[in-house]
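This report refers to the structure that appears directly beneath it.
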Amino acid sequence: MAPEVHMPGPVCLIENTKGQLVANPEALKILSAITQPVVVVAIVGLYRTGKSYLMNKLAGKRKGFSLGSTVQSHTKGIWMWCVPHPKKPNHVLVLLDTEGLGDVEKGDNQNDSWIFALAVLLSSTFVYNSMGTINQQAMDQLHYVTELTDRIRAKSSSDNNVGEDSGDFVSFFPDFVWTLRDFSLDLEADGEPITADEYLENSLKLKQGTSQKDKNFNLPRLCIRKFFPKKKCFIFDRPTHRKKLGQLETLHDDELDSEFVQQAAAFCSYIFSNSKTKTLSGGIKVNGSRLENLVLTYLDAISSGDLPCMENAVLALAQIENAAAVQKAIAHYDQQMTQKVKLPTETLQELLDLHRATEKEAIEIFIKSSFKDEDHLFQKELANQLEKKRDDFCKQNMKASSDRCSALLRDLFSPLEEDVKQGIYSKAGGYRLLIQKTQELKEKYLQEPRKGIQAEETLQTYLRSKESIIDAILQTDQTLTEKEKEIEVERVKAESAQAAAKMLEEMQKKNQQMMEQKEKSYQEHVKQLTEKMERDRAQLLAEQERTLALKLEEQARLLKEGFQNESRQLHNEIQNLQKRMAQPRRRCVIS
Numbered sequence: 012m013a014p015e016v017h018m019p020g021p022v023c024l025i026e027n028t029k030g031q032l033v034a035n036p037e038a039l040k041i042l043s044a045i046t047q048p049v050v051v052v053a054i055v056g057l058y059r060t061g062k063s064y065l066m067n068k069l070a071g072k073r074k075g076f077s078l079g080s081t082v083q084s085h086t087k088g089i090w091m092w093c094v095p096h097p098k099k100p101n102h103v104l105v106l107l108d109t110e111g112l113g114d115v116e117k118g119d120n121q122n123d124s125w126i127f128a129l130a131v132l133l134s135s136t137f138v139y140n141s142m143g144t145i146n147q148q149a150m151d152q153l154h155y156v157t158e159l160t161d162r163i164r165a166k167s168s169s170d171n172n173v174g175e176d177s178g179d180f181v182s183f184f185p186d187f188v189w190t191l192r193d194f195s196l197d198l199e200a201d202g203e204p205i206t207a208d209e210y211l212e213n214s215l216k217l218k219q220g221t222s223q224k225d226k227n228f229n230l231p232r233l234c235i236r237k238f239f240p241k242k243k244c245f246i247f248d249r250p251t252h253r254k255k256l257g258q259l260e261t262l263h264d265d266e267l268d269s270e271f272v273q274q275a276a277a278f279c280s281y282i283f284s285n286s287k288t289k290t291l292s293g294g295i296k297v298n299g300s301r302l303e304n305l306v307l308t309y310l311d312a313i314s315s316g317d318l319p320c321m322e323n324a325v326l327a328l329a330q331i332e333n334a335a336a337v338q339k340a341i342a343h344y345d346q347q348m349t350q351k352v353k354l355p356t357e358t359l360q361e362l363l364d365l366h367r368a369t370e371k372e373a374i375e376i377f378i379k380s381s382f383k384d385e386d387h388l389f390q391k392e393l394a395n396q397l398e399k400k401r402d403d404f405c406k407q408n409m410k411a412s413s414d415r416c417s418a419l420l421r422d423l424f425s426p427l428e429e430d431v432k433q434g435i436y437s438k439a440g441g442y443r444l445l446i447q448k449t450q451e452l453k454e455k456y457l458q459e460p461r462k463g464i465q466a467e468e469t470l471q472t473y474l475r476s477k478e479s480i481i482d483a484i485l486q487t488d489q490t491l492t493e494k495e496k497e498i499e500v501e502r503v504k505a506e507s508a509q510a511a512a513k514m515l516e517e518m519q520k521k522n523q524q525m526m527e528q529k530e531k532s533y534q535e536h537v538k539q540l541t542e543k544m545e546r547d548r549a550q551l552l553a554e555q556e557r558t559l560a561l562k563l564e565e566q567a568r569l570l571k572e573g574f575q576n577e578s579r580q581l582h583n584e585i586q587n588l589q590k591r592m593a594q595p596r597r598r599c600v601i602s
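The sequence shown begins at 12 in this note's numbering and counts up one residue at a time.
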């Protein structure tokens with residue numbers, strides 16, 4: 012089980028220093044240690060609108076993100092607080108609090124646009140926080156949403172976003188939550204009560220018209236609707252008297268407006284229950300280390316003058332993760348083989364069976380940890396490394412067997428060699444005694460266990476090295492006739508040829524086993540890759556269906572609104588016509 016995240020307070024994730032956005036190594040180190048999936052909630056809004064208070068509530072604390080009590084913006088850059096998710100076991104809730112937009116002290120709103128874009132790119136739920144109602148001023152202040160296509164690219168192949176539409180962004184973009192602070196209106200429409208969500212939908216309705224004024228009115232609304240198909244709205248009463256707002260983080264719930272406390276609790280409950288795990292294209296769940304790499308990739312693009320590209324970020328992440336997946340698989344293979352293999356193995360097949368079982372586990376680990384392995388380059392690299400590892404184990408096995416057999420032969424035959432040196436067998440009848448003793452020692456050698464695959468070859472090599480000595484004893488043995496000596500020489504040659512044929516057969520068998528193992532390895536790679544591709548294809552289809560459904564839903568809503576506007580216009584025209592017809596006609600009197 013992964014260790015639980017413990018951060019006593021937030022740290023700066025992306026520093027904004029003199030107009031430069033730079034990642035904080037301390038925060039990146041925290042992210043890199045998080046192996047669980049992350050739910051990322053980012054909040055953005057004008058400075059001094061109470062964003063930090065909501066984030067502290069989500070963290071379950073009164074203090075944490077700096078609230079401040081003056082008209083100056085307190086949060087600079089993007090701050091991060093990672094806490095265990097209160098409702099999703101084995102998940103981490105990553106809270107991102109951004110510096111206030113529209114801070115007059117900055118002078119340049121270029122940074123604001125990038126902060127806004129980064130919050131969208133990194134989050135799975137994007138909270139926009141503003142004061143009061145949703146009016147045209149509020150929409151004008153949300154002009155950053157209209158600049159997203161100027162700040163972000165969905166696909167690397169697009170040329171200045173040609174061919175990109177909202178659908179390209181929908182699959183990457185987070186859910187949208189609008190929080191309205193110090194909201195003082197009654198939620199009504201045409202005299203009927205409505206929900207906060209209905210209020211948001213009504214506020215996002217488009218005007219019928221083609222004038223520049225109509226276009227300016229519609230643009231931010233259209234962007235919100237197209238980029239963020241899933242939308243939610245929360246309203247908040249003022250939490251307390253204006254003079255006490257500066258002490259908000261020290262006040263208990265019973266010291267705050269009861270409506271506000273309930274509204275804040277409803278907001279937190281929704282975020283905990285509905286905010287999704289941060290997911291990339293293809294259904295790739297983001298954990299802490301992946302989020303770290305996304306931060307670095309996006310900031311590198313911004314600092315180099317490029318636009319952050321979501322597709323490129325995923326591919327860059329894939330390169331890092333796939334290389335790590337190869338190493339993880341190889342490390343598992345090394346560990347398991349070291350534990351399981353006792354060299355020398357009695358047969359080559361014993362070693363190959365262990366290799367095959369461990370190789371299968373290693374491939375499973377790679378498949379599970381990798382994604383978007385274009386052209387299967389990393390899987391091919393894994394296959395090459397596993398093949399090399401197998402060959403290395405085979406060489407080690409041969410050496411271990413050779414060493415074991417050579418040591419055993421030395422122990423068994425050294426007394427005999429010493430007797431030969433002392434001339435004990437250089438006498439009449441000595442040759443037959445030597446052959447008998449040699450045969451006895453050979454049988455002892457063959458009965459010894461765990462000699463390995465080089466047992467026969469090492470024995471034959473040893474015996475060949477002693478042929479000249481044995482032949483010399485044969486030739487000097489006076490008890491043997493010349494004919495017997497010739498027969499004995501032929502017998503030795505025949506035995507040697509038989510042993511050579513046996514070794515050749517063994518070698519061919521080993522080669523056949525190696526060829527079969529290579530084919531099995533290839534089939535295992537293909538099998539697991541095919542299964543993964545089928546899973547990925549199913550995920551992609553589900554993602555495409557979801558994106559299409561969201562687009563169709565929004566198009567249907569737009570058509571419905573257009574139809575309703577036309578119906579309303581037609582209704583008004585009919586009413587006007589009826590009024591005119593109902594007016595009494597004047598009679599013309601001719602005198």
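Built from N, CA and C at the ideal position, the CB exists for glycine as well.
All of these numbers come straight from a predicted model, not from anything done at the bench.
Separation of residue j from residue i, as counted between CA atoms
i, j, result
"Gln122", "Glu110", "Strictly speaking, residue 122 in this sequence is Asn, with Gln absent from that position. If I take the Cα positions, the gap works out to 10 angstroms."
"Ser214", "Asn146", "8 angstroms"
"Arg73", "Thr349", "52 angstroms"
"Arg301", "Ile25", "16 angstroms"
"Asp482", "Pro426", "19 angstroms"
"Cys320", "Leu129", "11 angstroms"
"Met514", "His343", "35 angstroms"
"Leu552", "Gly293", "9 angstroms"
"Asn323", "Asp384", "14 angstroms"
"Leu540", "Ile378", "7 angstroms"
"Thr492", "Ser437", "16 angstroms"
"Asn27", "Asn395", "45 angstroms"
"Lys399", "Asp364", "16 angstroms"
"Lys87", "Gly202", "43 angstroms"
"Asn67", "Gly75", "6 angstroms"
"Lys351", "Glu361", "11 angstroms"
"Glu101", "Glu542", "For clarity, residue 101 is Asn in the given sequence; the question names Glu instead. So the alpha carbons of these two residues sit roughly 26 angstroms apart."
Simplified DSSP assignment, three categories, for residue i
i, result
"Pro240", "coil"
"Tyr442", "helix"
"Arg192", "strand"
"Asn227", "helix"
"Thr288", "coil"
"Phe127", "helix"
"Ala70", "coil"
"Met518", "helix"
"Glu15", "coil"
"Ile604", "Lying outside 12 to 602, the shown extent of the chain, residue 604 is not represented and no answer is given."
"Tyr436", "coil"
"Gln31", "strand"
"Lys462", "coil"
"Leu474", "helix"
Assumed close pair residue i, residue j - CB separation to whole angstroms, cut-off 8 angstroms
i, j, result
"Asp225", "Lys218", "5 angstroms"
"Tyr58", "Leu112", "7 angstroms"
"Ala53", "Phe137", "6 angstroms"
"Phe271", "Thr190", "Phe271 to Thr190, Cβ: 12 angstroms. No contact."
"Asn408", "Leu354", "5 angstroms"
"Val55", "Val103", "Actually they are not in contact, since the Cβ atoms of Val55 and Val103 sit about 21 angstroms apart, beyond 8 angstroms."
"Leu106", "Trp92", "5 angstroms"
"Cys234", "Val156", "5 angstroms"
Member of the options whose CA lies at the smallest distance from the CA of residue i
i, options, result
"Ser314", "Met18, Gln31, Cys405, Gly20", "Gln31"
"Glu375", "Pro231, Glu493, Ile341, Glu385", "Ile341"
"Leu291", "Ala327, Glu266, Leu393", "Ala327"
"Phe239", "Leu211, Gln152, Ala368", "Leu211"
"Ile484", "Tyr533, Gln519, Val431, Lys455", "Val431"
"Lys339", "Leu393, Leu310, Asp386, Thr356", "Leu393"
"Val188", "Ala277, Ile163, Ala200", "Ala277"
"Trp90", "Lys62, His96, His102", "Lys62"
"Asp422", "Glu499, Val94, Lys455", "Lys455"
"Ala44", "Leu106, Val537, Glu15, Asn35", "Glu15"
"Leu397", "Lys29, Glu535, Ile446, Leu198", "Glu535"
"Val306", "Ala593, Cys23, His17, Cys234", "Cys23"
"Asp248", "Ile41, Glu451, Met142, Glu545", "Met142"
Status (buried if at least 16 other CB within 10 Å, exposed otherwise) for residue i
i, result
"Glu370", "buried"
"Glu303", "buried"
"Lys406", "exposed"
"Ser532", "buried"
"Thr160", "buried"
"Leu196", "exposed"
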